[in-house]
Amino acid sequence: MDVVGVKPGRVAEASGGRFVTFEGPEGAGKTTQIARLRARLESDGQSVLVTREPGGTPLGGALRSLMLDTGQIPLAPIAQALLMSADRAQHVASVIRPALQAGTVVISDRYVDSLYAYQGFGDGVDLASLKAISLLATDGLLPDLTILLDLEPSLGLARKRQAHEKGVSELNTMDRRPIEFHQRVRGGFKELAVADPTRFVVLDATAPAGILATRIWRSVEAMIRVR
Ligand code: TYD
Numbered sequence: 516m517d518v519v520g521v522k523p524g525r526v527a528e529a530s531g532g533r534f535v536t537f538e539g540p541e542g543a544g545k546t547t548q549i550a551r552l553r554a555r556l557e558s559d560g561q562s563v564l565v566t567r568e569p570g571g572t573p574l575g576g577a578l579r580s581l582m583l584d585t586g587q588i589p590l591a592p593i594a595q596a597l598l599m600s601a602d603r604a605q606h607v608a609s610v611i612r613p614a615l616q617a618g619t620v621v622i623s624d625r626y627v628d629s630l631y632a633y634q635g636f637g638d639g640v641d642l643a644s645l646k647a648i649s650l651l652a653t654d655g656l657l658p659d660l661t662i663l664l665d666l667e668p669s670l671g672l673a674r675k676r677q678a679h680e681k682g683v684s685e686l687n688t689m690d691r692r693p694i695e696f697h698q699r700v701r702g703g704f705k706e707l708a709v710a711d712p713t714r715f716v717v718l719d720a721t722a723p724a725g726i727l728a729t730r731i732w733r734s735v736e737a738m739i740r741v742r
């Protein structure tokens with residue numbers, strides 16, 4: 516299924532801001548790299564907004580705990596896809612688009628590619644339907660640049676489990692899914708990247724953090740300079 520065959524306009528380009536998303540399997544180190552990128556952009560004089568999905572709005576916070584907290588009612592994959600998309604619709608309308616229109620660089624920890632990878636490739640929800648829902652939810656807003664931090668899911672999940680054991684973070688319902696699910700998710704991300712090579716930059720998430728940060732900056736800087 517060619518989800519990525521349809522490429523709605525990069526709305527950010529028309530509005531002055533820039534839209535960067537980070538994607539990847541669990542435990543890829545997105546949080547660390549996003550913090551480094553924010554600092555670098557700010558020292559370059561850019562106005563930056565860091566946000567995330569699910570959970571970048573008050574509605575998203577409530578949906579996030581319904582969808583991901585352990586002990587919640589297990590959701591049917593389609594219900595999950597619709598809730599993720601409701602979160603995204605609110606996020607785009609009330610946070611992302613206004614910031615882009617104000618000329619801000621918006622960095623989102625996950626966006627629509629996570630829907631395709633997790634609910635589509637991972638859980639088998641029809642990709643054409645996900646694409647249609649996403650066009651409605653985002654009004655066609657796609658990132659200018661998507662950084663895919665790729666790694667073998669068992670490594671990422673081990674990182675997350677270690678953090679959990681140290682009391683640094685919780686394991687959510689996704690983290691507890693079988694490894695085969697996470698492998699389908701990873702494969703899905705890679706397929707999405709191959710299908711849209713001008714938007715995606717795929718990086719090996721096992722590289723040292725400093726080297727990764729330099730690689731990410733190179734891509735972001737090039738994207739920002741092209742006005
Ligand atoms: P989070 O704790 O933010 O994990 P991570 O640090 O890996 O981003 O949990 C978000 C989870 O939600 C993550 O497992 C991916 C999943 N997700 C979807 O299944 N569909 C989506 O559309 C999005 C945005 C996230």
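Each residue of the sequence shown is one higher than the one before, counting from 516 in the numbering used here.
Beta carbons: idealized from backbone N, C-alpha and C, even for Gly.
Three-way DSSP call (helix, strand, coil) for residue i in this model
i, result
"I662", "strand"
"E706", "helix"
"S623", "strand"
"L656", "coil"
"L718", "strand"
"V535", "strand"
"D602", "helix"
"A681", "Per the sequence shown, residue 681 should be read as Lys rather than Ala. Of the three classes helix, strand and coil, the one that applies to K681 here is coil, per DSSP."
"D693", "Note that residue 693 is Pro in the sequence shown here, rather than Asp. Note: P693 maps to coil in three-state DSSP."
"L672", "helix"
"T547", "helix"
"G637", "helix"
"L615", "helix"
"G542", "coil"
"E736", "helix"
Option nearest residue i by Cα separation, candidates the options
i, options, result
"D624", "V741, P712, A737, T547", "T547"
"S562", "K646, L663, L615", "L615"
"F537", "A728, M582, A737, V741", "A728"
"V627", "F696, L642, P613, T688", "L642"
"V717", "M738, G539, L597", "G539"
"Q587", "H697, T688, D559, W732", "T688"
"D584", "S684, V700, V610, R699", "S684"
"H606", "G575, R692, L581", "G575"
"L686", "A673, E695, F696", "A673"
"T721", "F715, R714, E695, P668", "P668"
"S629", "S600, V621, G618, S734", "S600"
CB contact below 7 Å: residue i versus chain D
i, result
"P540", "Protein chain content of the structure displayed is limited to a single chain, and chain D is not contained in it."
Spatial distance of residue i from residue j (CA atoms)
i, j, result
"V535", "L556", "12 Å"
"A594", "E568", "16 Å"
"R579", "L656", "22 Å"
"P592", "T572", "22 Å"
"P565", "Y631", "Looking at the sequence provided, one finds Val at residue 565 rather than Pro. Whole-angstrom Cα-Cα distance: 22 Å."
"V709", "G702", "11 Å"
"K681", "K705", "31 Å"
"R553", "I731", "11 Å"
"P712", "R691", "31 Å"
"D654", "L670", "36 Å"
"I739", "R533", "7 Å"
"G524", "S644", "With a pLDDT of only 44 at G524, under the threshold of 50, the placement of this residue in the model should not be trusted, and no figure is reported."
"G542", "K675", "6 Å"
Residue i Cβ short of 6 Å to the ligand SAM heavy atom set
i, result
"L630", "This structure does not include the ligand SAM; its bound ligands are the ligand TYD."
Which runs of the alpha helix (DSSP H) spanning at least 4 residues fall entirely within the segment 558-600, listed in chain order?
-> Those alpha helix (DSSP H) runs which fall completely within the segment 558-600 and span 4+ residues are 573-583.
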